[in-house]
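Shown next, in structure tokens, is the structure this report addresses.
Number of protein chains: 2
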Amino acid sequence: MTWSEPRRAKPETKRAKMSETRQPGQRAQSVYKALRRAIIEQALKPGMKLPEDSIGEQLGVSRTLVREAFGRLAVEGLVELKPNRGASVAYPTLEEARDVFDVRRGLERMVAETLAGNLTAAQAAELEAHVALEEKAHGRDGPESIRLAGEFHIRLAQMTGNALLLRYVQEVSSRCSLILAIYGRPHSSECAVSEHRQLIEALRAGDAARAAHLMDHHLQAVVTRALLTPRGERDIREVLAPYALSEGLTQP
Amino acid sequence: MTWSEPRRAKPETKRAKMSETRQPGQRAQSVYKALRRAIIEQALKPGMKLPEDSIGEQLGVSRTLVREAFGRLAVEGLVELKPNRGASVAYPTLEEARDVFDVRRGLERMVAETLAGNLTAAQAAELEAHVALEEKAHGRDGPESIRLAGEFHIRLAQMTGNALLLRYVQEVSSRCSLILAIYGRPHSSECAVSEHRQLIEALRAGDAARAAHLMDHHLQAVVTRALLTPRGERDIREVLAPYALSEGLTQP
DNA sequence: TCTTCAATTATCGTATACAATAGCATCAAT
DNA sequence: ATTGATGCTATTGTATACGATAATTGAAGA
């Protein structure tokens, strides 16, 4: 590429945003995001071993960056990091699952209370549009439906304008995906569309108490619809874990 | 070292916990904890630059481990990580500060609601004892008083038995320390002892609504007592930040 | 044939090496 | 004297190297 005016320095400093020029730290972020998505979409299944070498090789980076990503994912509870035994996709216990859902209910209640009466017209419209999408994708296309339902909650959190609240909601949402992958029914509808509709209505009306209440019960419903169903202990892990623990052994 | 019974395999697997034998990953953890404490105790002041080399040298580890610690601390919002410019102790804006306090109020309300009516006698007694300590350290020894007040909230979170809730409360507490270091009054009493006493009483009585309400107002009081006092923009940073931002510059 | 021990291999934990970038100082030109 | 360019230095981003630990496999003995 030739520059018509190579003498002037300033225009160059503006970091050309060409697709080729990846700024540093970007690749680490990419690894993190790739793994995160893979876990949430269950391409990497709960409990699966995550060797640093093979993953780095696959993604075209060194172990260093993979390790960095593991660190972040471990903080978020998506991978487990055992000393000298490496990383594996987290396999939350039922107790941890309950903890996550409890916290999630609390956080999303905050979201509802914050948003009640403070939605702009544009925001309300966007939420309605989102629910419409959910309705369209309802019966067919299971994964898409699940993704949309999750996104609804994320959008709500974003609308609060509270960055920390958003981060926490994202984190518990991710972990809920994992949890439902393990303990959820195959076709639990996740979020009933009508419940989302009612919630929007309450937010619009500025009825904080009702909005919070709806959100709380909505998430509670998700739990009872999906969770609480160890579905026949489909995994030997679940069966053996208590025995292993009582013997002081670590589950493989 | 000689083993009297080297044939039996089981006793060996118990990993001897000799003080000399540091298990791997331990050193990384140590670096993390050291930096965390240093930041919270304001040995490392907000905005201070954190060069990887010097810190690693000081702590006797390589940049690798320092970097790992930075990653975790960045997730928790205690350090800021800018590409190619390294790490520095976080310097939360007033807006971020408000976000943190809002989330904290929500989280601790959860704690209060969870604990109300569920305190064992032993737990109640421990809390009373803690408050007694706070009272003793009230006037004198500022730092100690602040530490105790913070610990009270951590102990409450621990008593819920919800590991995730505990982690979040710890995180927001850390960040609140940073925030108060920047925006707090020199001698804000932080937590009024009487408010802690009232809270314990409500928890004991099982009055969830009153407990939540007390907690909420207690933390709100902390904010108004301490925060909201940019104390005369004592730092040029605060003054220049908006201008720098509007010009796309990053504050040094 | 089954158990037990030992050697091998795979993988991790940490340090170091090397390349890239940003900040700074020096110096020339107007 | 001030402004802008240019090379130097410090520090970061990433990869690789090496020692240490755990998994595995194979062999030997019962």
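The listed protein sequences derive, respectively, from chains A and B. First residue of the first sequence? That's 603 in this note's numbering, and the numbers climb one at a time after it. First residue of the second sequence? That's 603 in this note's numbering, and the numbers climb one at a time after it. The C-beta atom is built at its ideal place from N, Cα and C for all residues, glycine as well.
### Query
Is DSSP giving A645 of chain A helix, strand or coil here?
Three-state result, A645 of chain A: coil.
### Query
What's the C-alpha gap between K635 of chain B and F672 of chain B?
Rounded to whole angstroms, the gap between the alpha carbons of K635 of chain B and F672 of chain B is 11 Å.
### Message
Determine, for V681 of chain A, whether the minimum Cβ-Cβ distance to residues of chain B falls below 8 Å.
### Response
Taking Cβ atoms only, chain B never reaches closer than 8 Å to V681 of chain A, which makes this a no.
### Message
Report the CB separation of P653 of chain B from G688 of chain B in whole angstroms; it is logged as a contact under 8 Å.
### Response
6 Å
### Message
Closer than 9 Å between beta carbons: that is the criterion. Which residues of the stretch 660-675 of chain B meet it against chain A?
### Response
Listed in sequence order: T666, R669, E670, G673, R674.
### Query
Listing by chain order, which chain A residues have their CB less than 9 Å from the CB of A765 of chain B?
What A765 of chain B touches in chain A, judged by beta-carbon distance under 9 Å, is E697, E698, D701, going in chain order.
### Task
Evaluate P685 of chain B with the Cβ neighbour count: other Cβ atoms within 10 Å of its Cβ, from every protein chain shown; 16 or more gives buried, anything less gives exposed.
exposed
### Message
With a threshold of 8 Å between beta carbons, is G627 of chain B in contact with chain A?
### Response
yes
### Task
List the residues of chain A that M761 of chain B touches, going by C-beta distances under 9 Å, in chain order.
Here the premise fails: no neighbours, minimum Cβ distance about 14 Å.
### Query
Which residues in the same chain have their Cβ closer than 6 Å to the Cβ of G752 of chain B, if we skip the five residues on either side of it in sequence?
Same-chain partners within the cutoff: S775.
### Task
Could you tell me whether the Cβ atoms of L780 of chain B and L680 of chain B are closer together than 8 Å?
yes
#### Entry: Closer than 8 Å to chain B by CB, P653 of chain A
no
### Task
Could you please give the first and the last residue of the uninterrupted beta strand (DSSP E) stretch that includes G688 of chain B?
688-691
### Query
So what's D680 of chain B in DSSP terms, helix, strand or just coil?
For clarity, residue 680 of chain B is Leu in the given sequence; the question names Asp instead. If DSSP states are grouped into helix, strand and coil, L680 of chain B belongs with coil.
### Between the CA atoms of L683 of chain A and C778 of chain B - distance to the nearest angstrom
28 Å
### Task
Flag V771 of chain A as yes if its beta-carbon sits less than 8 Å from any beta-carbon of chain B, otherwise no.
no
### Task
Return the Cβ separation of L821 of chain B and L717 of chain B in integer angstroms, given the expectation that the two are a contact with Cβ distance under 8 Å.
Cβ atoms of L821 of chain B and L717 of chain B stay farther apart than 8 Å, at about 15 Å.
### Query
So is G708 of chain B in contact with chain A if we call contact Cβ pairs under 8 Å?
Interface with chain A (8 Å Cβ-Cβ cutoff): G708 of chain B is included.
### Query
Exposed or buried, what is T762 of chain A when buried is set at 16 or more other beta-carbons lying within 10 Å of its beta-carbon?
buried
### Query
Rounded to whole angstroms, how far is the Cβ of H755 of chain A from the Cβ of V771 of chain A, which I believe are closer than 8 Å?
7 Å
### Message
Quick check: what's the CA-CA separation for E737 of chain A versus I642 of chain A?
### Response
22 Å
### Query
Who are L652 of chain B's beta bridge partners in DSSP?
Per DSSP, B:A689.
### is_contact[V705 of chain B, chain A] using C-beta, thresh 8 Å
yes
### Query
Is the CB of P648 of chain A under 8 Å away from at least one CB in chain B?
So, not an interface residue.
### Task
Specify the secondary structure class of A794 of chain A as computed by DSSP and reduced to three states.
Note: A794 of chain A maps to coil in three-state DSSP.
### First through last residue of the alpha helix (DSSP H) which encompasses T826 of chain B
810-828
### 8 Å Cβ cutoff, M817 of chain A in contact with chain B
no
### Query
Can you find a C-beta in chain B that's less than 8 Å from the C-beta of V633 of chain A?
no
### Query
What did DSSP end up calling V663 of chain B once you bin it into helix, strand or coil?
Residue state, collapsed to three classes: coil.
### Query
For A714 of chain A, does the count of other Cβ atoms within 10 angstroms reach 16, so buried, or fall short, so exposed?
buried
### Query
From the beta carbon of P694 of chain A, is the nearest beta carbon of chain B less than 8 Å away?
Closer than 8 Å: no.
### Task
Within its chain, find whatever has a CB closer than 7 Å to the CB of V705 of chain A; leave out the 5 residues flanking it on each side and keep chain order.
V774, listed in sequence order.
### Task
May I ask which residues mark the beginning and end of the alpha helix (DSSP H) holding T722 of chain A?
Note, T722 of chain A: premise wrong, no alpha helix (DSSP H); not H, not E.
### Task
Output yes or no for whether 8 Å exceeds the beta carbon distance between D701 of chain A and N764 of chain B.
Between D701 of chain A and N764 of chain B, the C-beta gap is smaller than 8 Å, which places the two residues in contact.
### Query
Under the three-state reduction of DSSP, which class applies to A739 of chain B: helix, strand or coil?
Residue state, collapsed to three classes: coil.
### Message
Any beta carbon from chain A within less than 8 Å of V677 of chain B's own beta carbon?
### Response
yes
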